[in-house]
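Colleague: Below: one structure in structure tokens.
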Amino acid sequence: MLLDWFIRDNEEKSHQLFGDEHFGTEPPCTMYEKKPLINPETGEEVEGLYTAWITLNNPAQYNSYTTQMIKGVIAGMHRASMDREVVAIIFTAVGDRAFCTGGNTKEYAEYYTLRPLEYVQYMDLFSGMIDAILKARKPVICRCNGMRIAGGQEIGQACDFTVAADTAAFGQ
Numbered sequence: 009m010l011l012d013w014f015i016r017d018n019e020e021k022s023h024q025l026f027g028d029e030h031f032g033t034e035p036p037c038t039m040y041e042k043k044p045l046i047n048p049e050t051g052e053e054v055e056g057l058y059t060a061w062i063t064l065n066n067p068a069q070y071n072s073y074t075t076q077m078i079k080g081v082i083a084g085m086h087r088a089s090m091d092r093e094v095v096a097i098i099f100t101a102v103g104d105r106a107f108c109t110g111g112n113t114k115e116y117a118e119y120y121t122l123r124p125l126e127y128v129q130y131m132d133l134f135s136g137m138i139d140a141i142l143k144a145r146k147p148v149i150c151r152c153n154g155m156r157i158a159g160g161q162e163i164g165q166a167c168d169f170t171v172a173a174d175t176a177a178f179g180q
């Protein structure tokens, strides 16, 4: 090879910006999980290939997203995009009643009411979530398991495509 003389560092580098601080398991939160890809013909795991599951977890409030959950979606999209083993991103939610019904009105009322500058920052963060979905380097599949309305419709439409349950409902 022409550059055999050139000293190279062959160790793979991590390009992750986020750790696990934006993920959780107790609602309200965003969950992140890597699941092995399954060969449909054999039912066996395909070695070294995974799907990343980014899951909205706030079923008591129809998976409406909080500020922290938005950060989790952004971090999850980035993590999956930078993971060499991930081939696709599944964006879904806990339960069968709602994929997402938009922003968390409880948080709006308790924190953002009468704080317009804070709300502008929140909307910048929301726009960042849309951008993270649109810029993901892997296909993003919205797995819609119920209502997808308001801001939930916006984040769902940012995905590459949607797979919907028979009980899914869409609206603005």
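Counting from 9, one number per residue, gives the positions in the sequence shown under this note's numbering. A virtual CB, placed ideally from N, CA and C, is assigned to each residue, including glycine. Please read all numbers here as calculations on a predicted model, not as lab measurements.
(1) Which of the three DSSP states is assigned to F26 in this structure?
(2) Go ahead and pull the three-state DSSP assignment for R156.
(3) Would S72 and T109 be called neighbours here (beta carbons separated by less than 9 Å)?
(4) Specify the secondary structure class of A177 as computed by DSSP and reduced to three states.
(5) Taking all protein chains shown into account, do 16 or more other C-beta atoms lie within 10 angstroms of the C-beta of T59, making it buried, or fewer, making it exposed?
(6) Give me, in chain order, the residues of the same chain whose beta-carbon lies closer than 7 Å to that of C167; leave out the 5 immediate sequence neighbours on both sides.
(7) Apart from the five residues on each side of it in sequence, which residues of its chain come closer than 8 Å, Cβ to Cβ, to F134?
(8) Which of helix, strand or coil does DSSP assign to T63?
(9) With distance defined between alpha-carbon atoms, name the residue in V81, I97, N65, E20 nearest to K42.
(10) Which first and last residues belong to the alpha helix (DSSP H) in which E93 is found?
(11) Note down, in chain order, each residue of its chain lying with its Cβ closer than 6 Å to the Cβ of Q161, except the 5 sequence neighbours on either side.
(12) Quick test of your reading: E93 and G56, contact by CB under 8 Å. State the CB separation rounded to the nearest angstrom.
(13) Closest to I163 by C-alpha separation, out of R16, E29, A68, M85, would be which residue?
(14) Can you list, in chain order, the residues of its chain with a C-beta nearer than 8 Å to that of D104? Leave out the 5 residues immediately preceding and following it.
(15) In the DSSP assignment, find the unbroken alpha helix (DSSP H) run with E126 in it and report its ends.
(16) Going along the chain, which residues of its own chain have a beta-carbon closer than 8 Å to the beta-carbon of A144, five neighbours each way excluded?
(17) Taking the beta strand (DSSP E) that A106 belongs to, which residues open and close that run?
Modeller: Working from what's here:
(1) coil
(2) strand
(3) yes
(4) strand
(5) buried
(6) F99, I141, V148, I149, C150
(7) I78, G111, G159
(8) strand
(9) I97
(10) Premise fails: E93 is in no alpha helix (DSSP H) and is neither H nor E.
(11) Q180
(12) 6 Å
(13) M85
(14) N153, G154, A173, T175
(15) 124-142
(16) M85, A88, S89, I97
(17) 106-108
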